[in-house]
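Here the structure comes first, spelled out in structure tokens, and everything after it is commentary.
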Amino acid sequence: MLRILKSYPDKVCRELSLDAAEPGAWIDLVSPSRDEIEAVSRVTRAPADFLAAALDPEETSRIEVDEGHILVVLNVAKAEWNYKFDALPMGIVLTTEYIVTVCLEQTDILPLSASSLGGFSTYKRTRFLFQVLFRAATMFLKYLGLIDRRSSAIESNLRRSMKNEELFELLDLVKSLTYFTSALRSNRSVVDKLIRLCANSQMHEIVKVREEDEELLEDVKIEYDQAYEMVQMSSNILSSMMDAFASIISNNLNIVMKFLASVTIILAIPTVVASFWGMNVFVPFSGHPLGFWGVTFIAVLLTVGAAYFLWKKHMF
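Residue 228 in numbering that gives the first Met the number 0 sits at position 229 of the sequence shown; the count goes up by one each step and never skips.
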């Protein structure tokens with residue numbers, strides 16, 4: 000999918016066609032075809048490999064500069080079904096006249112239409128880039144909040160009953176946090192490199208940093224640092240929770256096995272007594288009229304004694 004939006008200083012936003020693309024426009028590519036990439040490359044004069052860099056799902060965050068064009072690849076958070084989260088790469092290409100974004104899927108980070116551009120100004124390419132980075136960081140924080148609330152709900156359910164479904168959900172959350180940790184670590188490196196790049200006077204023709212942009216870039220760095228610290232803390236908490244519940248499950252299993260062993264011992268005593276008096280040899284009370292009740296009394300007495308002994312040993 001290809002769309003081109005441009006905002007003007009008078010706060011008017013228009014959607015343009017590729018043939019009518021104007022300098023200062025934003026070109027958004029979502030899972031583009033090879034023809035769309037080549038067409039955008041001709042219009043913007045950006046290298047085709049820059050535009051296709053983010054189409055690799057395993058692409059890591061990085062910055063690359065080539066002949067006056069800047070490629071910024073960052074990992075953005077995405078939500079899947081049933082509280083599963085992942086990260087996918089997004090490419091942002093800055094040229095002297097255009098800004099191009101490329102992603103395999105539509106995300107909530109970018110405006111969806113000309114009416115939703117809001118505070119985005121397409122002709123302020125550097126600020127547009129910083130705003131995308133900032134919204135990507137806030138999206139991580141949003142999903143981290145969802146993960147935290149969901150993990151609290153799972154913990155409450157697990158305290159009442161141990162079910163495999165809750166444990167599997169907890170495992171999915173741990174996996175999501177692992178993806179987030181890797182994405183945020185590489186994104187922080189991109190922000191640090193971008194800060195150094197903005198300080199390079201030779202890049203001011205492409206990266207024009209205004210005073211308010213410097214403040215925004217500093218906010219971006221703070222947001223990513225906060226998101227990284229939060230994901231590290233959440234990951235440690237969930238890992239500890241998994242270990243704790245694994246120990247609880249093991250302990251519960253030991254309690255059950257101990258109880259069953261105690262019950263087996265208690266039930267075995269009457270069986271042993273009855274086996275002794277059931278042998279085809281001479282046994283005490285064999286000729287006594289109350290022999291049956293005497294043997295029953297002995298079996299009950301031994302059973303009660305064994306049960307009392309096991310109870311005192313906290314076997315059940």
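For each residue, glycine too, the CB sits at the ideal point set by N, CA and C.
Distance CB(residue i)-CB(residue j) smaller than 8 Å
i	j	result
residue 149	residue 172	yes
residue 176	residue 233	yes
residue 86	residue 108	no
residue 77	residue 59	no
residue 50	residue 11	no
residue 253	residue 223	no
residue 261	residue 183	no
residue 215	residue 197	no
residue 243	residue 269	no
residue 129	residue 191	no
residue 219	residue 132	yes
residue 13	residue 189	no
residue 101	residue 31	yes
residue 284	residue 277	no
residue 301	residue 272	yes
residue 47	residue 36	yes
DSSP-derived helix/strand/coil call for residue i
i	result
residue 88	strand
residue 162	coil
residue 192	helix
residue 295	helix
residue 141	helix
residue 125	helix
residue 285	coil
residue 177	helix
residue 252	helix
residue 108	coil
residue 6	strand
residue 230	helix
residue 103	coil
residue 215	helix
residue 321	With the chain running from 0 to 315 in the structure shown, residue 321 is simply not present.
Integer Cβ distance of residue i from residue j, believed to fall under 8 Å
i	j	result
residue 2	residue 27	5 Å
residue 52	residue 90	5 Å
residue 125	residue 207	5 Å
residue 88	residue 74	6 Å
residue 229	residue 143	5 Å
residue 24	residue 82	Their Cβ separation, rounded to whole angstroms, is 38 Å, which puts residue 24 and residue 82 out of contact at 8 Å.
residue 231	residue 180	7 Å
residue 54	residue 103	6 Å
Next on the checklist: Going residue by residue through the stretch 13–87, where are the continuous beta strand (DSSP E) segments of at least 3 residues, counting only ones entirely within it?
Outcome noted: Within the stretch 13–87, the complete beta strand (DSSP E) segments at least 3 residues long are 25–29, 61–65 and 68–79, listed from N- to C-terminus.
Next on the checklist: With a threshold of 8 Å, are at least 3 pairs of Cβ atoms found where one atom belongs to the stretch 39–46 and the other to the stretch 162–182?
Outcome noted: Too few Cβ pairs lie closer than 8 Å, so no.
Checklist entry - Would the stretch 297–309 and the stretch 261–274 be scored as touching if the rule is three or more Cβ pairs under 8 Å? => result They touch, by the three-pair rule.
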